[in-house]
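Residue numbers (the working numbering), protein chains in the order written: chain S, 197 to 557; chain U, 36 to 322; chain H, 88 to 323.
To keep things clear, I will list the structure first and then write my remarks on it.
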Ligand SMILES: Nc1ncnc2c1ncn2[C@@H]1O[C@H](COP(=O)(O)OP(=O)(O)O)[C@@H](O)[C@H]1O
Ligand SMILES: [Mg+2]
């Protein structure tokens with residue numbers, strides 16, 4: 197018998213190792229950034245991080261789970277309002293109240309999922325949107341939290357927020373700036389946890405099944421039961437992550453109203469554009485997308501509605517001519533994968549037989 | 036008596052929603068296309084009518100007659116050159132493209148016409164009313180409802196009595212086999228969207244005469260329209276009318292209890308119907 | 088010159104090549120059978136001729152004109168109609184509407200009309216207002232054939248019209264073939280089952296794995312030759 201080539205199953209790529217190293221350095225820089233950067237940059241990065249988290253979760257939902265939701269603003273709003281409720285009604289500190297936001301989003305996601313999973317495709321999209329509208333209208337009836345006009349976090353709560361005193365002393369900044377630094381760090385933590393968590397999830401056996409389901413309808417049939425459970429998991433995880441993010445965003449914003457917190461444009465439309473322009477169904481796509489989104493916004497911010505028109509047009513053009521987004525174009529040209537989740541067969545020398553073929557379980 | 040009045044007002048309001056929805060229902064039924072820009076296209080048509088009214092000094096009805104063929108062309112071109120390219124088993128691409136279109140349209144209108152509220156000039160008809168068995172009914176709402184019925188009868192005739200309608204249904208069933216019958220699906224789809232835009236023009240006419248509009252109200256109208264289509268069942272035009280009426284009645288009843296509950300009551304009615312019948316009230320046997 | 092010819096016809100589904108240079112021809116007035124096992128490429132050949140699959144311009148010729156690049160509706164308009172595998176009636180259309188839609192892309196006067204199709208398959212007239220898919224398999228097959236005839240085609244492509252039908256029903260359906268020929272159409276009849284198709288056809292092509300493995304007049308081919316061409320006995 198001739199030499200039998202040996203294969204090893206690997207998901208790492210060389211680029212992914214370098215990406216890992218770059219990531220560690222980047223994270224260190226980001227953590228220390230408030231020591232040098234001005235308040236404007238910190239606020240911009242806060243915006244980028246929070247939009248990125250929302251985009252990653254929507255991408256998990258639509259790009260991997262095939263659940264095209266137009267109602268993620270429901271969880272942003274519920275998370276934010278739960279945080280406000282915790283602070284105003286129960287006198288909680290805003291920082292732990294963010295966790296309350298995540299829990300609240302998770303809780304409302306359960307009945308929502310029971311309802312929405314009865315719907316298919318387009319019905320699902322519209323159904324989730326209507327549910328979000330219902331939540332907005334219900335919250336607008338909640339007079340204790342300002343009803344339709346909204347309310348602000350009480351002064352005392354924001355002034356005495358966890359760790360702000362320490363930040364004020366360490367960085368020699370005033371209260372509002374200290375709050376920005378705190379929320380910035382929390383957003384950074386959330387981004388890291390989100391990307392790491394999704395990356396981990398997609399590399400587990402079930403996550404790989406999820407990607408297979410997305411790529412191939414036949415495969416979807418053969419793993420039917422598991423796929424149903426994955427849908428639930430993906431939906432609930434996305435809801436909770438989106439709720440946490442919503443709560444965090446409104447700790448920074450301080451002021452809330454139902455129309456703003458449940459805005460389909462701000463929390464779903466922009467997020468969808470970010471994912472589509474960057475590249476749906478990849479972890480890298482939303483990262484690239486949020487950068488493009490931010491740059492466009494900075495460049496065109498003075499032109500008001502032109503900015504949104506350009507954004508809409510870019511979204512359309514990308515969908516028509518590069519449906520896998522900018523990252524799709526890049527990885528097609530270069531083969532680059534920073535967060536490889538597909539397994540590759542790697543040809544190994546038969547002499548290296550000691551390396552027994554392995555699959556990650 | 037007050038309740039009967041409320042319900043009748045709701046039914047008439049449902050006529051307006053059915054008009055919003057009829058074009059959507061046609062397109063949705065034939066090609067499973069979720070057009071998220073439908074509401075904005077209605078607003079676009081309303082501005083087109085307004086433009087014709089103010090430039091040429093026409094009555095809104097005449098202006099709508101001129102706007103209709105323009106909208107027909109817009110619909111044809113949109114479907115032929117943009118939407119046909121993203122139709123397929125995956126619903127995400129058409130969803131995103133029409134979403135993008137919605138954003139583009141809204142902001143283009145904002146740029147062109149500012150955010151100020153507008154209204155089509157109506158003269159006496161806006162306030163005219165008739166007495167019917169002790170009820171006071173507005174002429175304009177009655178006209179809207181009659182138009183909705185007329186549109187649905189007309190579309191049904193087209194659908195079930197003409198060769199084009201047969202081709203619509205055949206293509207919707209099986210586009211490949213339709214091709215073997217000499218039907219060109221891209222053209223059928225373009226024709227369907229173009230016809231839907233005629234209905235959109237009519238919806239825009241009544242919307243503009245009955246209420247203020249501005250570039251941003253498209254999405255809210257879209258939600259009502261979708262609710263009507265989904266409640267009614269995919270591809271059933273009479274179902275769409277029933278759906279519109281259910282939303283309309285729920286809204287006026289809700290408003291009668293508490294004015295803040297109007298919209299909420301409509302949405303809740305939608306969710307309840309969908310909870311009981313996930314495929315709507317009159318789903319097609321085959322899908 | 089033949090009425091319909093293919094030249095070195097190839098066809099693929101993505102990376103998978105299903106036809107490897109197929110040459111067949113159909114003369115005016117002829118009935119030709121194409122037989123082969125499941126997966127041999129018969130339906131792919133029919134899809135290529137009818138324009139469901141697009142080919143190189145010169146790979147298919149009809150009436151002296153290259154039609155390989157044309158789409159299904161264009162080819163149908165020229166007079167090549169297809170009875171697709173699995174009948175594929177339109178479920179939202181009644182029997183009569185299914186028949187009428189056959190004329191959508193080609194309205195030429197000729198022998199076939201609703202009347203003559205009902206005359207060919209009388210049961211359809213009784214069922215004319217039923218939904219097409221509410222009929223029995225054999226009746227559905229009659230609708231599919233009638234639908235293709237309505238355009239008065241010059242060539243009729245029949246893909247496995249006996250599939251899943253009881254022998255008596257198959258006989259009924261095949262009884263229509265000579266009448267279709269008499270009315271002026273030439274036919275290609277695709278079957279897995281050798282018997283029926285051979286009986287009605289002048290010539291036979293046998294296909295295996297995307298290639299034509301045998302060709303000849305129906306009455307001159309021996310059972311052994313067909314068996315070998317069908318199951319691959321001769322080439323291995
Ligand atoms: N839509 C398709 N996609 C991929 N492969 C196909 C498709 N249709 C047929 N094939 C493959 O092409 C080959 C020929 O199929 P077909 O032409 O249907 O054979 P036949 O009609 O002789 O049974 C088979 O191997 C089949 O698996
Ligand atoms: Mg076949």
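Just so you know, even glycine gets a beta-carbon here, dropped at the ideal spot from N, CA and C.
Alpha carbon to alpha carbon, how far is residue j from residue i? Give it in angstroms, no decimals.
i: residue 273 (chain S); j: residue 199 (chain U); result: 47 angstroms
i: residue 304 (chain U); j: residue 489 (chain S); result: 38 angstroms
i: residue 240 (chain S); j: residue 430 (chain S); result: 29 angstroms
i: residue 532 (chain S); j: residue 144 (chain U); result: 41 angstroms
i: residue 233 (chain H); j: residue 210 (chain H); result: 12 angstroms
i: residue 246 (chain H); j: residue 132 (chain H); result: 10 angstroms
i: residue 202 (chain U); j: residue 516 (chain S); result: 27 angstroms
i: residue 307 (chain S); j: residue 428 (chain S); result: 11 angstroms
i: residue 314 (chain U); j: residue 94 (chain U); result: 41 angstroms
i: residue 124 (chain U); j: residue 255 (chain U); result: 27 angstroms
i: residue 495 (chain S); j: residue 472 (chain S); result: 20 angstroms
i: residue 102 (chain U); j: residue 238 (chain U); result: 12 angstroms
i: residue 266 (chain U); j: residue 56 (chain U); result: 11 angstroms
Give the DSSP-derived three-state secondary structure of residue i in the structure shown.
i: residue 527 (chain S); result: helix
i: residue 271 (chain U); result: coil
i: residue 71 (chain H); result: The question about residue 71 (chain H) has no answer here: the residues shown for chain H are numbered 88 through 323.
i: residue 435 (chain S); result: helix
i: residue 122 (chain H); result: strand
i: residue 191 (chain H); result: coil
i: residue 171 (chain U); result: strand
i: residue 287 (chain S); result: coil
i: residue 248 (chain U); result: strand
Quick one: is residue i buried, meaning 16 or more other Cβ sit within 10 Å of its Cβ, or exposed?
i: residue 208 (chain H); result: buried
i: residue 258 (chain H); result: exposed
i: residue 460 (chain S); result: buried
i: residue 224 (chain S); result: exposed
i: residue 163 (chain H); result: buried
i: residue 162 (chain S); result: The structure shown has nothing for residue 162 (chain S), since chain S only spans 197 to 557.
i: residue 293 (chain U); result: exposed
i: residue 126 (chain U); result: buried
i: residue 228 (chain S); result: exposed
i: residue 129 (chain H); result: buried
i: residue 286 (chain U); result: buried
i: residue 545 (chain S); result: Low local confidence applies: a pLDDT of 46 at residue 545 (chain S) is under 50, so the model's placement there is unreliable, and no value is given.
i: residue 88 (chain H); result: exposed
i: residue 130 (chain U); result: buried
i: residue 132 (chain U); result: buried
Checklist entry - Taking contact to mean at least 3 C-beta pairs separated by less than 8 angstroms, is the stretch 435–451 of chain S in contact with the stretch 321–335 of chain S? => result Because the criterion of three Cβ pairs below 8 angstroms is not met, the stretch 435–451 of chain S and the stretch 321–335 of chain S do not touch.
Checklist entry - Which residues, in order along the stretch 294–319 of chain H, keep a beta-carbon less than 7 angstroms from a beta-carbon of chain U? => result Those would be none; no residue qualifies.
Item to check | Contact residues within the stretch 135–163 of chain H, judged by C-beta distance below 8 angstroms to chain U | outcome: Answer in chain order: 137, 138, 139, 158, 159, 160 and 163.
Checklist entry - So, do the stretch 398–408 of chain S and the stretch 275–283 of chain S have three or more beta carbon pairs nearer to each other than 8 angstroms? => result No, they do not touch.
Item to check | chain U contacts from the stretch 516–538 of chain S (Cβ-Cβ distance under 7 angstroms) | outcome: Residues of the stretch 516–538 of chain S whose Cβ lies closer than 7 angstroms to any Cβ of chain U, in chain order: 516 and 519.
Checklist entry - When Cβ atoms are compared, which residues of the stretch 172–191 of chain U fall closer than 9 angstroms to chain H? => result Residues passing the 9 angstroms Cβ filter: none.
Checklist entry - Taking three-plus beta-carbon pairs below 8 angstroms as touching, is the stretch 113–125 of chain H in contact with the stretch 174–186 of chain H? => result The stretch 113–125 of chain H is not in contact with the stretch 174–186 of chain H.
Next on the checklist: Counting beta carbon pairs with one atom in the stretch 311–322 of chain S and one in the stretch 336–344 of chain S, are three or more of them shorter than 8 angstroms?
Outcome noted: Touching, no.
Checklist entry - Going along the chain, which residues of the stretch 126–147 of chain U sit with their C-beta nearer than 7 angstroms to a C-beta in chain S? => result For the stretch 126–147 of chain U, the set of residues with a beta-carbon nearer than 7 angstroms to any beta-carbon of chain S comprises 126, 127, 128, 130, 131, 132, 134, 135, 136, 138, 139, 142, 143, 145 and 146, in chain order.
Checklist entry - Taking a cut of 7 angstroms between CB atoms, which residues from the stretch 183–198 of chain H lie near chain U? => result Listed in sequence order: 184, 187, 188, 189, 191, 192 and 193.
Item to check | At least 3 beta-carbon pairs within less than 8 angstroms: the stretch 140–147 of chain H vs the stretch 155–162 of chain H | outcome: Enough Cβ pairs lie closer than 8 angstroms, so yes.
Item to check | Positions along the stretch 216–238 of chain S whose CB lies within less than 7 angstroms of some CB in chain U | outcome: Listed by position, the residues of the stretch 216–238 of chain S near chain U (Cβ gap below 7 angstroms) amount to none.
Next on the checklist: When you compare the stretch 170–183 of chain U with the stretch 41–52 of chain U, are there three or more beta-carbon pairs, one atom per stretch, that lie closer than 8 angstroms?
Outcome noted: At 8 angstroms Cβ cutoff, the stretches touch.
Next on the checklist: Taking 8 angstroms as the cut-off, does the stretch 288–302 of chain U touch the stretch 105–115 of chain U (at least 3 CB pairs, one atom from each stretch)?
Outcome noted: By the Cβ test, the stretch 105–115 of chain U is not in contact with the stretch 288–302 of chain U, since fewer than three Cβ pairs between them sit closer than 8 angstroms.
Item to check | chain H contacts from the stretch 210–237 of chain U (Cβ-Cβ distance under 7 angstroms) | outcome: Taking 7 angstroms as the upper bound on Cβ-Cβ separation, chain H lies near residues 211, 212, 214, 215, 216, 217, 218 and 219 of the stretch 210–237 of chain U.
Checklist entry - Given a limit of 8 angstroms on CB to CB distance, which residues of the stretch 108–120 of chain H reach chain U? => result Within the stretch 108–120 of chain H, not one residue has a Cβ closer than 8 angstroms to any Cβ of chain U.
Next on the checklist: When you compare the stretch 452–471 of chain S with the stretch 212–220 of chain S, are there three or more beta-carbon pairs, one atom per stretch, that lie closer than 8 angstroms?
Outcome noted: In short, these stretches do not touch, since the Cβ pair count stays below three.
Item to check | Three CB pairs or more closer than 8 angstroms across the stretch 88–103 of chain U and the stretch 271–282 of chain U | outcome: In short, these stretches do not touch, since the Cβ pair count stays below three.
Checklist entry - Which of the residues in the stretch 73–100 of chain U, read from start to end, lie with their CB under 9 angstroms from any CB of chain H? => result Sequence-ordered contacts of the stretch 73–100 of chain U with chain H are nonexistent [C-beta pairs closer than 9 angstroms].
Next on the checklist: Under 8 angstroms, CB to CB, which of the residues in the stretch 305–319 of chain U have a partner in chain H?
Outcome noted: Within the stretch 305–319 of chain U, contact with chain H at the beta-carbon level (separation under 8 angstroms) is assigned to 319.
Next on the checklist: For the stretch 348–362 of chain S against the stretch 106–116 of chain H, do three or more pairs of beta-carbon atoms, one drawn from each stretch, fall closer than 8 angstroms, so that the two count as touching?
Outcome noted: Here the stretch 348–362 of chain S does not lie against the stretch 106–116 of chain H, with fewer than 3 beta-carbon pairs under 8 angstroms apart.
Item to check | Positions along the stretch 165–179 of chain H whose CB lies within less than 8 angstroms of some CB in chain U | outcome: Cβ contacts with chain U come from 168, 169, 171, 175, 177, 178 and 179.
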